[in-house]
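As structure tokens, the structure follows; a few thoughts come after it.
See below:
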């Protein structure tokens with residue numbers, strides 16, 4: 536049976552929304568809502584990994600678990616690994632779920648879908664979620680990376696451009712002729728694989744697309760995918776905060 540640990544990286548600094556984890560959403564902070572949703576999933580433990588004492592104290596204040604990490608990590612992946620180290624690298628854990636700290640409406644079912652993959656023998660090295668693309672706005676948004684997979688659901692490539700390009704059809708008809716998928720930024724890893732990922736240098740495709748997961752593919756790490764029909768709603772700007780408050784009825 537897979538014993539899964541959920542780690543939520545939460546930085547205080549944000550170019551577009553400073554102090555983002557502590558933003559109030561309907562009487563609870565964003566990080567509090569993320570923790571609450573993660574705790575509804577089948578995780579053995581949920582831990583916030585933060586670089587700021589204000590977030591650390593806040594999480595402890597509402598009864599959550601948190602660790603203080605370095606502030607100079609280049610990515611959330613590196614912060615998740617340091618948190619696992621600070622927790623003593625518990626040997627019973629065979630699945631670490633990297634839960635985005637800016638998605639207060641994450642569905643527990645999405646987390647569980649990834650964790651279930653690690654009950655397989657052998658378990659995947661890395662797993663992530665895909666969602667069907669439903670609109671042209673989604674399809675052509677460079678903020679919503681697309682992904683193509685092989686017949687077994689392993690990722691072949693991620694891109695900010697629609698994949699595949701349909702030479703025989705105008706772009707207005709692409710959704711009618713192919714089932715596109717976009718990537719949701721929820722990952723799960725085997726602990727030994729996560730450690731190896733933190734040692735990889737940036738890769739050419741990663742730099743070109745500004746997508747960290749391409750570094751892993753270029754290094755030969757397979758990424759297993761699972762499909763969810765449930766949506767994701769990340770908060771990056773003040774406008775997103777307003778939308779979230781409206782969604783909560785506030």
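In the numbering used here, the protein residues as written are 536 to 785.
No residue lacks a Cβ here, since even glycine has one placed at the ideal position from N, Cα and C.
The structure presented is a predicted model; accordingly, all values stated were derived computationally and were not measured.
Item	Value
Buried versus exposed, by CB contacts within 10 Å (16 or more), residue 777	exposed
Those residues which DSSP pairs with residue 541 across a bridge	581 and 632
Euclidean distance between Cα positions of residue 747 and residue 718	12 Å
Buried or exposed by the 16-neighbour rule on C-beta atoms within 10 Å, applied to residue 742	exposed
Those residues which DSSP pairs with residue 717 across a bridge	666 and 681
Residue environment, residue 550, which counts as buried when at least 16 other CB atoms sit within 10 Å	exposed
Residue nearest to residue 686 in terms of C-alpha spacing, selected from 581, 572, 553 and 761	761
Local Cβ density within 10 Å of residue 722, reported as buried at 16 or more and exposed below that	buried
Close beta carbons around residue 558, own chain, < 8 Å, minus the five adjacent residues each side	552, 564, 565, 770 and 776
Which listed residue (616, 668 and 774) has its alpha carbon closest to that of residue 680	668
For residue 689, the residue or residues it bridges with in DSSP	759
Span separating the alpha-carbon of residue 602 from that of residue 580	13 Å
Expected contact under 8 Å - CB spacing of residue 633 and residue 542 to nearest Å	6 Å
Run of the alpha helix (DSSP H) containing residue 588, from where it starts to where it stops	588-596
Three or more C-beta pairs below 8 Å linking the region 651-658 and the region 611-628	no
According to DSSP, residues forming a beta bridge with residue 563	560
Whether residue 561 touches residue 732 by CB criterion (7 Å)	no
Proximity below 7 Å, CB of residue 636 to CB of residue 539	no
Exposure of residue 781, with buried meaning 16 or more beta-carbon neighbours within 10 Å	exposed
Whole-angstrom distance between residue 666 and residue 709, CA atom to CA atom	17 Å
Exposure of residue 724, with buried meaning 16 or more beta-carbon neighbours within 10 Å	buried
Where residue 641 falls: helix, strand or coil (DSSP)	coil
Cβ contact (3+ pairs, closer than 8 Å) linking the region 567-577 and the region 638-652	yes
Assigned secondary structure, residue 747 (DSSP; H/G/I helix, E/B strand, else coil)	coil
Distance CB(residue 674)-CB(residue 715) smaller than 7 Å	yes
Alpha-carbon to alpha-carbon, residue 713 and residue 703	12 Å
Exposure label - residue 729; buried when at least 16 CB within 10 Å	buried
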